[in-house]
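Colleague: Chains as they are written, first to last, in my numbering: chain R, 1 to 162; chain B, 1 to 361; chain A, 1 to 100.
Questions regarding the structure given below will be posed in turn.
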Amino acid sequence: METFLFWVFAIVGVGCGIMVVFHRNPMSSAIYLIVTMLCLAGFYALLAGPFVAVIQVLVYAGAVMVLMLFVIMMLNLREETLRREGSMIAWLVAGLIGLVLVLYVVPLFPRTSAGTPPAAFGTIEDVGSKLFTVYILPFELTSVLLLIAIIGAVTLATRRTL
Amino acid sequence: MFLDFVIVLIKAGVVLFALLSLAGLLTWAERKQSAFMQDRIGPNRANLGNITAFGLLHVMADGIKMIAKEDFIPEGANRALHTLAPAAALFPALVVFAVIPFGDVLVIGGKEIPLQVANLNVGIVYIFAIASLAVYGTMLAGWASNNNYSLMGGLRASSQMISYEVSMGLSILGILMIYQSAQLDVIVREQGQLLWGFLPKWGFFLQPVAFFLFVGAALAENKRVPFDLPEGESEIIGYFVEYSSMKFGMFFLAEFIEIVIVSGLVTTLFFGGWQFPYLQADGFHWPFELGIWHLPHLLVVLLQIATFSVKVLVGCWILLVVRWTLPRFRYDQVMRLGWKMMLPLALANLVVTAVIVLLVT
Amino acid sequence: MIPISHYLTVSAILFTTGAIGVLMRRNALIILMSLELMLNAVNLSFVAYARMFNDVGGHVFVFLSITVAAAEAAVGLAILLTIFRTRETVDVDTLHLLQR
């Protein structure tokens, strides 16, 4: 069952990931990216990380991509203005270099199969207890960063009527 | 192993069947309820050989109409997205009910079957994750119609939905803190305990502010009156004007299923779920030391399921009544309410609850 | 059981695809989306390693990384909107006013 789910998520995820990069229309790229993110949430669930799986769906697929879709709709680019980007040779070379990089890195990965995790691994209680005790400083700094991002985004996006 | 899989499938089938039938009945109940409130009769013409059955056949007539109408895609619209949007709107509505428990453990022949389709560790957060996916249906519907008015309607609807998701999530955190768990079956079981010896520890008694905030935010998330400006049937163009027949039927059905979901969530989190007051696993334990009535196990489980159903039905009925009681908000009023009034209230509720929980334990 | 190297291979492929997207595409929106793809790939490798070493710190890092990525996407899109208002295009090849 886990094997079947892994291959389904892997094929759909990688396929949609490649389609994100190769599509002309940003709207289609956004939809493919949403599907990729949902496949990644499935991966996190397979890797005994239920909390990060739902957080991925909630934040990434549910909020960040909604924001991107909003901006795409607001910019409302017509199909004709999106010209062909880059020549075929450039794409082939880029693809080859990418393939070489992946093939170089893959043999370096550990081949072990992970054993069974401890009982409450990756649950809300587990992640929460680590987040608020050991990693409390990054947590507080991230909250300040979010505040800065809110102020920055609102300031930039407000039309200044001179 | 295989038996467990089959049991989960049966549970999922039962839940989906109940959900869809209830949503279908709600379409009839809404019209009859609004008619009774407005001192008229409501739909009563649909008949099979002159048997009108109080207008219940209108549900079937609606279904037949929606299947039989012409299904068109407007010219210049994105065909794939136009077809995908109703599915993207219906899918989250159907999936949320997987974590809502509708009874305690059922013991048949030595096998324990928890009456909940999936007991996730991250129960409540899963519900919010799926609710945040529900925005895509409206956004894609508005965009894929190649119609400027529907695009504006879609943007309006989705910005309303994402604004109220925040207040919805924050108002539930108080419940999480009080019952010390995010799993919905643990929350419902904890609500069986008694406060001061006689009052069941329901969420409504412990977190009244959160209850009202959650109901308001869930109504806004559901685009239901008084927040139904995105669909605003008689005064403004909504995001599904270019949809006909079954695709519109799917949007319509998704909205009514979400009414059942809101009612189910409110019941589970605030009104004790399947808990009948003073009913434990082996019978009634009356307070003030009045005695114990023992009941057979199957009767207890039946009472629990019946209690859950009655509570959900009462919640749905109240939501239907609210529709014809309150006028509609304007869009800027909706946004102001969500960001400037509900969000600070939810945060204040969270802080007060945290302080009280810290002081009590 | 799936060996951890399979998850890491998927992560490597996604990361490389995202990197190609950032370098080759001219549409700023698609560049931002490829950037998000790269971040997601790295998150996947974090969770895979966390599973291998039974350390929840990987999950905590992914949680914070998702948060930071959300903030960065918001600010990046706000900048994009501001550029679009004055230049009427999102083609990054036309943004060379500071070049000599």
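Where is the CB? At the ideal position from N, CA and C, for every residue including glycine.
Please confirm if the segment 115 to 128 of chain B is in contact with the segment 92 to 105 of chain B, defined as three or more CB-CB distances below 8 Å between the two stretches.
Modeller: Yes, the segment 115 to 128 of chain B is in contact with the segment 92 to 105 of chain B.
Colleague: Which term fits Phe128/B, buried or exposed, when burial requires 16 or more other beta carbons within 10 angstroms of its beta carbon?
Modeller: Translated into the one-based positions of the second sequence, residue 128/B becomes position 128. Buried is the call here.
Colleague: For the segment 9 to 72 of chain R, which segments carrying the alpha helix (DSSP H) assignment without a break, of at least 4 residues, lie completely within its bounds, in sequence order?
Modeller: For the segment 9 to 72 of chain R, whole alpha helix (DSSP H) runs of length 4 or above, ordered along the chain, are 26 to 46 and 50 to 55.
Colleague: Name the chain A residues that come within less than 9 Å of Gly42/R, Cβ to Cβ?
Modeller: Position 42 of the first sequence, counted from the start, is the residue given in the question as residue 42/R. Simply none; closest approach about 11 Å.
Colleague: What does Trp286/B pair with, by DSSP beta-bridge criteria?
Modeller: As a working mapping, residue 286/B is identified with position 286 in the second sequence. Partner(s): Gly291/B.
Colleague: Report the residue ranges of all alpha helix (DSSP H) runs contained in full by the segment 85 to 135 of chain R; include only those spanning at least 4 residues, in chain order.
Modeller: Here the runs fully enclosed are 88 to 105 and 124 to 133.
Colleague: What did DSSP end up calling Val90/A once you bin it into helix, strand or coil?
Modeller: The residue you call residue 90/A lines up with position 90 of the third sequence. The answer is coil: DSSP assigns Val90/A none of H, G, I, E or B.
Colleague: Please report the residue range of the alpha helix (DSSP H) in which Lys247/B lies.
Modeller: For the purposes of this step, residue 247/B is identified with residue 247 of the second sequence, where counting begins at 1. Ser245 to Phe270 is the extent of the alpha helix (DSSP H) around Lys247/B.
Colleague: Out of Val56/A, Gln99/A and Leu77/A, point me to the one whose CA is closest to Tyr135/R's CA.
Modeller: Position 135 of the first sequence, counting from 1, holds the residue named residue 135/R. Checking every option, the nearest Cα to that of Tyr135/R belongs to Val56/A.
Colleague: Check whether the segment 66 to 78 of chain A and the segment 33 to 52 of chain A touch, using three or more Cβ-Cβ pairs below 8 Å as the test.
Modeller: These segments touch.
Colleague: Run through the DSSP bridge pairs and tell me what Glu112/B is partnered with.
Modeller: The sequence position of residue 112/B within the second sequence is 112, counting from 1. DSSP output for Glu112/B lists Val107/B as bridge partner(s).
Colleague: Taking a Cβ distance cut-off of 7 Å, strictly less, list which residues of the segment 167 to 194 of chain B are near chain R, in chain order.
Modeller: Of all residues in the segment 167 to 194 of chain B, Ala182 have a Cβ within less than 7 Å of some Cβ in chain R.
Colleague: Counting only Cβ-Cβ distances shorter than 8 Å, please list the residues of the segment 28 to 39 of chain R near chain A, keeping chain order.
Modeller: Those would be Ser29, Ala30, Leu33, Thr36 and Met37, in chain order.
Colleague: Using the rule of at least 16 other Cβ atoms within 10 Å of the residue's Cβ for burial, across every protein chain shown, is Pro344/B buried or exposed?
Modeller: Walking along the second sequence from the start, residue 344/B turns up at place 344. The residue is exposed, with fewer than 16 neighbouring Cβ atoms inside 10 Å.
Colleague: In its own chain, which residues sit with a C-beta less than 8 Å from the C-beta of Met161/B, not counting the 5 before and 5 after it?
Modeller: Residue 161/B sits at position 161 when you count from the first residue of the second sequence. Correct list, in chain order: Ala134, Val135, Thr138, Ala220, Glu221 and Lys223.
Colleague: Within 10 angstroms of the Cβ of Tyr104/R, are there 16 or more other Cβ atoms? Answer buried if so, exposed if not.
Modeller: Position 104 of the first sequence holds residue 104/R. Tyr104/R comes out exposed.
Colleague: Name, please, each residue of chain A whose Cβ falls closer than 8 Å to the Cβ of Ser113/R.
Modeller: Mapped onto the first sequence, residue 113/R falls at position 113. Under the 8 Å cutoff, chain A gives Met1, Ile2, Pro3 and Ile4.
Colleague: For Pro277/B, does the three-state DSSP call read helix, strand or coil?
Modeller: In the second sequence, counting from the first residue as 1, residue 277/B sits at position 277. Coil.
Colleague: Would DSSP call Leu195/B helix, strand or coil?
Modeller: If you number the second sequence from 1, residue 195/B lands on position 195. Correct three-state label for Leu195/B: strand.
Colleague: Please state whether DSSP places Pro327/B in a helix, a strand or coil.
Modeller: Residue 327/B sits at position 327 when you count from the first residue of the second sequence. Note: Pro327/B maps to coil in three-state DSSP.
Colleague: Indicate whether at least one CB of chain R lies closer than 8 Å to the CB of Thr94/A.
Modeller: For the purposes of this step, residue 94/A is identified with residue 94 of the third sequence, where counting begins at 1. No, because no Cβ of chain R sits closer than 8 Å to the Cβ of Thr94/A.
Colleague: Throw me the rounded Cβ distance for the Gln183/B and Asn121/B pair, which I believe falls under 8 Å.
Modeller: By one-based count along the second sequence, residue 183/B stands at place 183. By one-based count along the second sequence, residue 121/B stands at place 121. Rounded, the Cβ-Cβ distance is 6 Å, consistent with contact.
Colleague: Does Met33/A pass the burial test, meaning 16 or more other C-beta atoms within 10 Å, or should it be called exposed?
Modeller: On the third sequence, residue 33/A is found 33 positions in, with the first residue counted as 1. Buried, because 16 or more other Cβ atoms sit within 10 Å of the Cβ of Met33/A.
Colleague: From Phe91/B, Arg328/B and Lys311/B, pick the residue whose C-alpha is nearest to that of Leu396/B; which is it?
Modeller: Coverage of chain B is limited to positions 1 through 361, which leaves residue 396/B absent and any answer about it impossible.
Colleague: Tell me the rounded alpha-carbon separation between Ser45/R and Gly122/R.
Modeller: As a working note, residue 45/R is residue 45 in the first sequence. As a working note, residue 122/R is residue 122 in the first sequence. Looking at the sequence provided, one finds Ala at residue 45/R rather than Ser. Cα to Cα, the separation comes out at about 10 Å.
Colleague: Suppose contacts are defined by Cβ-Cβ distances below 8 Å. Is Leu91/A in contact with Arg25/A by that definition?
Modeller: Your numbering for residue 91/A matches position 91 in the third sequence. Your numbering for residue 25/A matches position 25 in the third sequence. Correcting the residue identity first, residue 91/A is Asp in this sequence and not Leu. No, the Cβ-Cβ distance between Asp91/A and Arg25/A is not below 8 Å.
Colleague: Figure out for me which residue from Phe270/B, Asn78/B and Leu176/B has the closest Cα to the Cα of Ala141/B.
Modeller: The sequence position of residue 141/B within the second sequence is 141, counting from 1. The shortest Cα separation from Ala141/B among Phe270/B, Asn78/B and Leu176/B belongs to Asn78/B.
Colleague: Got a sec: which bits of the segment 109 to 128 of chain B sit with their beta carbon under 8 Å from any beta carbon on chain R, in order along the chain?
Modeller: Result list: Leu120, Asn121, Val122, Val125, Tyr126 and Phe128.
Colleague: How long is the line joining the alpha carbons of Phe132/R and Ala120/R, rounded to whole angstroms?
Modeller: Position 132 of the first sequence holds residue 132/R. Position 120 of the first sequence holds residue 120/R. So the two alpha carbons sit approximately 17 Å from each other.
Colleague: Does the beta-carbon of Gln333/B have 16 or more other beta-carbons within 10 angstroms, so that it is buried, or is it exposed?
Modeller: Within the second sequence, the letter at position 333 stands for residue 333/B. Exposed, by the Cβ-count rule.
Colleague: Taking Cβ positions only, does Val135/B come closer than 8 Å to chain R?
Modeller: Reading the second sequence from its first residue, position 135 is the one you call residue 135/B. At least one chain R Cβ lies under 8 Å of Val135/B.
Colleague: What's the gap between the Cα of Gly203/B and the Cα of Ala85/B?
Modeller: Counted from its first residue, the second sequence places residue 203/B at position 203. Counted from its first residue, the second sequence places residue 85/B at position 85. Cα to Cα, Gly203/B sits roughly 36 Å from Ala85/B.
Colleague: Using three-state DSSP, classify Leu26/B as helix, strand or coil.
Modeller: The residue labelled residue 26/B in the question sits at position 26 within the second sequence. Leu26/B: helix per DSSP, three-state reduction.
Colleague: Measure from the C-beta of Leu101/R to each C-beta in chain A and report whether the shortest distance is under 8 Å.
Modeller: Numbered from 1 along the first sequence, position 101 holds the residue referred to as residue 101/R. Cβ-Cβ to chain A under 8 Å: yes for Leu101/R.
Colleague: Is the Cβ-Cβ distance between Asn54/A and Pro138/R less than 8 Å?
Modeller: Taking the first residue of the third sequence as position 1, residue 54/A is located at position 54. Taking the first residue of the first sequence as position 1, residue 138/R is located at position 138. Against a cut-off of 8 Å, the Cβ pair of Pro138/R and Asn54/A comes out as no contact.
Colleague: Which of the three DSSP states, helix, strand or coil, is assigned to Asn148/B?
Modeller: Numbered from its first residue, the second sequence carries residue 148/B at position 148. Three-state DSSP puts Asn148/B in a helix.
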